[in-house]
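Line by line, the protein sequences are chains A and B. To convert a position in the first sequence, counted from 1, into the working numbering, add 12. One point on numbering: in the working numbering, the residue at position 145 of the second sequence is 134, and numbering is uninterrupted. Think of the CB as a built atom: it goes at the ideal place given N, C-alpha and C, for glycine as much as any other residue.
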Amino acid sequence: MEKHHINALKEIVGEENVLTSAEDLYCYSYDATPGHAHMPDAVVSPANTAETSKVLKLANENRIPVYTRGSGTNLSAGCVPTKGGIVLLMTRLNKILEIDLENLVAVAEPGVIVADLNKEIASLGLIYPPDPGTVATATLGGTVAENAGGLRGLKYGVSKHYVMGLEVVLANGDIMNTGGKNVKDVSGYDMTKLFTGSEGTLCVITKIISKLVPAPEAKKAMMAIFKDLDNAGKAVSAIIAAKIIPATLEIMDNATIRTVEDYAKVGLPLDAEAVLLIEVDGNPIVVEKEAEKVMEALKANHADFVQIAKDDAERDKLWAARRAALPALAKLRPTTYVEDATVPRNKVPDFLREVSSIAKKHNVTIGTFGHAGDGNMHPTIVCDIRIPEEMERVYQAMDEMFKAAIALGGTLSGEHGIGLGKLPWMEQQHGQITMNTMRSIKRALDPNLILNPGKLVGEC
Amino acid sequence: MTETITAKDINEQDKALLSDLQDALANCMKCGNCMEVCPVYKEVGKEAAVARGKLSLMEGVLKGSIPLSAAFDTAMSKCVSCKACTAKCPCGVPADELILRGRQAAVKARGLHPIKKKVFALLKNRHLFDFSLRMAGVFGPLSFKKIPGKMAALARFPMPGMDYKRVTAPFASTPLRSQYPEVIKVDRPTMRVGFFTGCTINYIYTDVGQSVINVLKENNIEVTLPSMQHCCGTPVYMSGDVDSAKILAKHNIETFDSYNFDYIVSACGSCTEAFRIEFPHLFHDDPKMSAMTEKLAKKTYEISEFLIDIVKIDKTKLGPVNTTVTMHDPCHMARGIKVTKQPREVLKSIPGLTFVEMKAPDRCCGSGGSFSLGNYELSRKINDKKIADIASTNADTVVTSCGTCRMHLTDGLFQNNMNQDALHVVQVLDRSYKAGHKK
């Protein structure tokens, strides 16, 4: 980037909203993904859609790469400015524009923190359900661009189930609107769905119209410990077969159980092969009935220990083990890779077994926990990125893990996105035709390849 | 720094100062959870303001990717040391301590913020320090205008290093330790306590010191105010000037050790933390000092903690104080020495007092000790959120357990045209004892 480009950017967004010092640029060279870092040439924070449009027009005319960023919490290197250029920081667009109670819709700017939106609507008895682990820091724009999920995916779905419309800026600076407040809308291609989860490669999101749902009136949490992984798998299937869709249906494998117990001393048996945490929510009467049925399913499938939370304090206690999973694992070693390979629900026990045998084979520490109800697993690899020999083994284990997920009919990513982290396996999952089609879409919308180039679909 | 050392030499030396931190820095997984709780990041909105950014910058310096520059200093100085990031971190990274190490490197390379430099140079010389602050008390009214009914004053004309609009506390015309004999005797004492007054209580908030003494006397405790005590060193330590912090710490440790008290009491979270955590940390590799320091650390208590856990005050002696009170937990109380229950128990023991919890009582008030000296506008913005939380409780008094928090809250209340009193917990208890005598 040339000096006159920087000056032009300052003209658009104001001097103080363009960062160019080495120190500031260094702070935007990374996101939450280990092993990927590259300095941008400038960090630009627009105040509104018009400024965003002008920045993109300038970047497009001058072939300057643009990496859109919210809070930079993503786990697939989606925000890393691998080719320099502009980091487009969207956090100044942080207003909730409208809460429409008649249509149960929120209109918000992309820089709004997801938890802040939920705080705003809590008193109205509403929720915006997608709740990734970073819900207290991640921006709405970032979660929509990554199509983030969360703990409640099984019952409530993920971001794409809530985004009804978008205002976006295209690569050439054109401002485009998609969808709207209509519950039913089949007019034209579903551009809203295309842009949701496009990871900053097709457009820059500047406004989000999202669906809101009534907050559940009651919740009930249960925990079950299994000495046999297969029984845990069968219990999950039995719960769903009993026509109960819990809000949360979480699993932790033996490696995670051992680590959590060592760290938090919550009283989990070290020889347990799986712990399930289940939470049903909704109408209080229904919740009671469903909790009963869940308990029956757990017992019928030979759970070695079951517990149901009688009050909020007990609920917190049951959740403590699950909450401790990531911190406990992350504390073992300096570097933490949280992956999100996902398999069909009935393949969860098979996948967990594959992962532990891969870990053993390559002598790598992997704890797996995740959302058993929707098959979205989080094999968490802890290592030290500064030891090349160890990293060699880690990459081999990762390679086999992703191939195993694909072989089981699964997918590379349930909720973190592809970015750079999972790019090497995209061809394998989707095949040549699909990849070519995706790249055609990319080239059609971003002919100069300025938007998050090299990510999601790779080089075009 | 002498003229003969080049910037390059200093940078080399300072990288050595940071190099043992490599493992600690590598433990940061850059999840960014610190963004949720960092009061500075919430205002500034830039990555360099939050712990993740600061630790990355330190890593960058060590890798040689970025220089140990003036911008690095600035980034390190933009931290209120509230420890919220450390408490939040899923990986257990002690970010606040690491940022202090970053400041040490910065101080070595480029020296302190000019205002801090003046203040801290004064701090190191006990006699000069004492003289200057006494003079400030005597001549202070010439330069500051007192605000009626408050322990607060406005500058009459611009002061070097101070924001013109800022409300500070007036310096006492007679410091606390000059108002009393060194040993305050009681009939049949139950124990002997050394009162570490700290600077704000000795020179500014003597009203808090008086309340501490009154309350301890009510409980038949002999109080000694060791005349040779000096600043605990926290402000210099927090600014990265470790050598000066060690001089101050050693002086205080030797002074208090010589009395052989049953307990040491302080009415400030940071001073207590200095005796309990910082001093042992500073001298952990010095066997002689270490033993003495550990011994003192074990018998040092913050006043509310001391009254509830050790003295176990007799609540029947308390009289009514008819007021509605909310409480701000200082960072070094909440996350430093982890004392939050006892001050509440003190308040709840007082008849007639209505206690209302504010939203996020342990969120930083923005003072950050001497942070506000160099970053007044930023510290005000952080404070405005706290003041709004105080306002929404409808309390007529806000209490805390730290002099600089009290000063910053007082300033914030004034700037927001609010009339609430800002007091130390022990002052309300003192009133209650007095009301008890009238019963």
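- Residue pairing from DSSP places N189/A in a beta bridge opposite E179/A.
- When C-alpha distances from H219/B are compared across D298/B, D119/B, I297/B, V231/B, the shortest belongs to D119/B.
- No Cβ of chain A is located within less than 7 angstroms of the beta carbon of E32/B.
- Taking the Cα of G229/B as reference, the smallest distance to any Cα among S167/B, Y365/B, L87/B is reached at L87/B.
- For the pair T312/B and I371/B, the Cα-to-Cα distance works out to about 27 angstroms.
- Within chain A, the C-beta atoms nearer than 7 angstroms to that of P79/B come from L338, P339, A342, in chain order.
- Here the stretch 284 to 300 of chain B lies against the stretch 242 to 261 of chain B, with 3 or more beta-carbon pairs under 8 angstroms apart.
- The criterion of a C-beta distance shorter than 7 angstroms is satisfied by T315/B and T382/B.
- The Cβ of L7/B sits no closer than 7 angstroms to any Cβ of chain A.
- By the beta-carbon neighbour count (other beta carbons within 10 angstroms, threshold 16), E262/A is buried.
- By the 16-neighbour rule on beta-carbons within 10 angstroms, D53/A is buried.
- With fewer than 16 other Cβ atoms inside 10 Å of its own Cβ, K174/B counts as exposed.
- Taken through DSSP and simplified to helix, strand or coil, T260/A comes out as strand.
- Of the other Cβ atoms in all chains shown, fewer than 16 fall within 10 Å of the Cβ of R177/B; this residue is therefore exposed.
- DSSP places V272/A in the helix class (H, G or I) of the three-state scheme.
- Contact of Y201/A with chain B is not assigned, every C-beta pair being separated by 7 angstroms or more.
- With respect to chain A, the C-beta atom of E267/B has no partner C-beta closer than 7 angstroms.
- Its chain contains L341, V350, G379 as the residues whose beta carbon lies nearer than 6 angstroms to that of T392/A, once the 5 sequence neighbours on both sides are disregarded; these appear in chain order.
- Along the length of the stretch 75 to 152 of chain A, whole alpha helix (DSSP H) runs at least 4 residues long occupy 126 to 134, reported in chain order.
- Listed by position along chain B, the residues whose Cβ is nearer than 9 angstroms to that of G382/A form an empty set, because the closest Cβ is around 17 angstroms away.
- The beta carbon of I371/B does not come within 7 angstroms of any beta carbon belonging to chain A, so the residue lies off that interface.
- Cβ neighbours of T208/A within its own chain (closer than 7 angstroms, five residues either side excluded): V156, N159, S171, K172, V175.
- In this structure, the beta-carbon distance from V278/A to A337/A does not fall below 7 angstroms.
- Following the DSSP letters along the chain, one finds Y38/A inside the alpha helix (DSSP H) bounded by residues 34 to 38.
- Along the length of the stretch 357 to 401 of chain A, whole beta strand (DSSP E) runs at least 3 residues long occupy 377 to 383, 388 to 395, reported in chain order.
- Taking all protein chains shown into account, H321/B has 16 or more neighbouring C-beta atoms within 10 Å of its C-beta and is therefore buried.
- Residues of the same chain with a CB within less than 8 angstroms of the CB of P340/B, apart from the 5 flanking positions on each side, are L307, G308, P309, V310, S421 in chain order.
- Boundaries of the alpha helix (DSSP H) harbouring R333/B: 330 to 337, taken from the DSSP string.
- Straight through space, the alpha carbons of Q11/B and K277/B are spaced by roughly 29 angstroms.
- Residue environment for I445/A: exposed (fewer than 16 other C-beta atoms within 10 angstroms of its C-beta).
- Put simply, the CB of C39/A is near chain B, with a gap under 7 angstroms to one of its CB atoms.
- DSSP places Y252/B inside the beta strand (DSSP E), whose first and last residues are 252 to 255.
- The beta carbon of D410/B lies closer than 6 angstroms to those of T386 in the same chain, with the five residues before and after it left out.
- The beta-carbon of S83/A is placed less than 7 angstroms from the nearest beta-carbon of chain B.
- Using a Cβ-Cβ cut-off of 7 angstroms, G358/B does not count as an interface residue toward chain A, since no Cβ of chain A sits closer than that to its own.
- Between M347/B and D378/B, the beta carbon gap of about 5 angstroms places them in contact (Cβ cut-off 8 angstroms).
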